[in-house]
Amino acid sequence: MQLPLSPQVFAILSALVAEHAGLHFGVEHMSVFADKIGGRAVEAGFESLLDYYYFLRYDPGGPAELDALLESLVVNETYLFRELRALETMVTEFILPAVTERRRPRIWCAASSTGEEPHTVAMLLAAHGILEEVDLIASDVSLQALERARSGGFSRRAVRQEIPSFAKQWLDVTERGVAVSPRLTKAIGWRRINLMDDATIASLGLFDVVLCRNVLIYFSDATTRRIIDRLSGVLRPNGALFVGVSESLLRFGSSLICEEKNGVFLYKKPS
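Each residue of the sequence shown is one higher than the one before, counting from 16 in my numbering.
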């Protein structure tokens with residue numbers, strides 16, 4: 016059953032989603048939003064999206080249902096070795112020097128979806144022989160995505176390029192899918208974290224590197240500014256934030272300094 020969505024109800028529902036998780040749905044996304052949220056509302060037993068909004072906003076069960084709704088709205092589009100040069104630069108420029116200084120570096124893969132990015136990072140660390148010398152945290156707002164990530168198993172779509180030589184020993188590729196060595200999966204600290212949650216993010220401590228790649232495109236400019244501030248706040252002095260190659264922070268007026276290393280742009284926190 017397709018539930019009708021008026022512009023007025025779209026406005027209040029999309030604002031509620033943005034408030035809860037930061038996800039931005041403009042008017043141009045109204046039909047997609049209607050399909051996704053309508054399906055979830057029907058599944059939850061509602062016959063009106065306005066009634067569904069009031070439940071989400073005011074009912075004691077609203078927060079739990081909002082989390083369930085997010086599972087329908089998040090985009091889990093990622094793959095192994097995506098924008099690999101940035102990850103290699105992260106290891107050589109920030110992580111290896113810290114290990115050489117006999118300091119335990121920390122990496123946070125924020126919004127890591129189904130886990131392809133943190134597993135790629137773990138393979139790089141293992142290739143350098145430092146997997147056990149680094150704290151690697153991976154998080155997402157989606158419990159379903161985290162469950163898949165913790166399994167260490169992916170579909171064949173997770174491999175969209177030739178497997179790099181450093182990674183071959185850690186992967187078992189068959190016609191049915193791709194399995195990552197359990198050693199790597201267990202080395203990653205998996206957490207459910209909403210990037211709108213100031214307190215939880217602040218409690219994570221400081222990181223040498225934060226990866227938040229190909230995520231900011233789903234947020235409004237105002238939300239992006241707030242998220243950049245949160246991520247900047249958990250960077251060590253001289254730590255770095257990496258975003259996707261199609262993303263830029265320059266127009267947001269961040270205190271981070273844009274630098275280029277090995278053809279990769281990153282944003283460094285002043286010392």
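Cβ coordinates follow ideal geometry from the N, Cα and C atoms, glycine included. The structure displayed is predicted, hence computed values, not measured ones.
Asked: With 8 Å set as the bound, which would you pick, yes or no: does the beta-carbon of Glu-58 sit closer than that to a beta-carbon of chain C?; Found: The chain inventory of the structure shown lacks chain C, comprising one protein chain alone.
Asked: Which residues bound the beta strand (DSSP E) around Lys-284?; Found: Unbroken run through Lys-284: none, as it is neither H nor E.
Asked: Where DSSP assigns a beta bridge to Asp-155, which residues make up the other side?; Found: Arg-207
Asked: Given Asp-223, which residues of its chain have a CB within under 7 Å of its CB, disregarding the five upstream and five downstream residues?; Found: Phe-109, Ile-110, Ala-113, Pro-120, Arg-121, Ile-122, Arg-251, Gly-254
Asked: Give the secondary structure of Leu-38 by DSSP, where H, G and I count as helix, E and B as strand, and everything else as coil.; Found: strand
Asked: Would Asn-229 and Thr-104 qualify as a contact pair, given that the criterion is a beta-carbon distance under 8 Å?; Found: no
Asked: Along the chain, where does the alpha helix (DSSP H) containing Asp-223 start, and where does it finish?; Found: Run containing Asp-223: none in the alpha helix (DSSP H); it sits in the beta strand (DSSP E), 222 to 226.
Asked: With a threshold of 16 other CB atoms inside 10 Å of the CB of Gly-53, please say whether the residue is buried or exposed.; Found: buried
Asked: With a threshold of 16 other CB atoms inside 10 Å of the CB of Val-249, please say whether the residue is buried or exposed.; Found: buried
Asked: Buried or exposed: where does Arg-97 fall if 16 or more other Cβ atoms within 10 Å of its Cβ makes it buried?; Found: buried
Asked: Taking 8 Å as the threshold (C-beta atoms), are Leu-95 and Ala-173 in contact?; Found: yes
Asked: Report the residue from Ile-243, Ser-286, Val-258 whose alpha carbon sits nearest the alpha carbon of Gly-37.; Found: Ile-243
Asked: Just to confirm, are Ser-154 and Ala-125 a CB contact at a threshold of 8 Å?; Found: yes
Asked: Between the Cα of Leu-99 and the Cα atoms of Arg-117, Pro-133, Val-24, Thr-189, which residue gives the shortest distance?; Found: Pro-133
Asked: The alpha helix (DSSP H) that contains Lys-276, what's its start and end?; Found: Where Lys-276 is concerned, there is no enclosing alpha helix (DSSP H), although the beta strand (DSSP E) it sits in stretches over 272 to 276.
Asked: Could you tell me the boundaries of the alpha helix (DSSP H) in which Ile-52 lies?; Found: 45 to 58
Asked: Thinking Leu-329 and Val-90 are a contact (beta carbons under 8 Å), I'd like their distance in whole angstroms, please.; Found: Since the first and last residues shown for the chain are 16 and 286, residue 329 lies out of range.
Asked: What ranges does the alpha helix (DSSP H) occupy inside the stretch 57 to 87, keeping only unbroken runs of at least 4 residues that lie completely in it?; Found: 64 to 73
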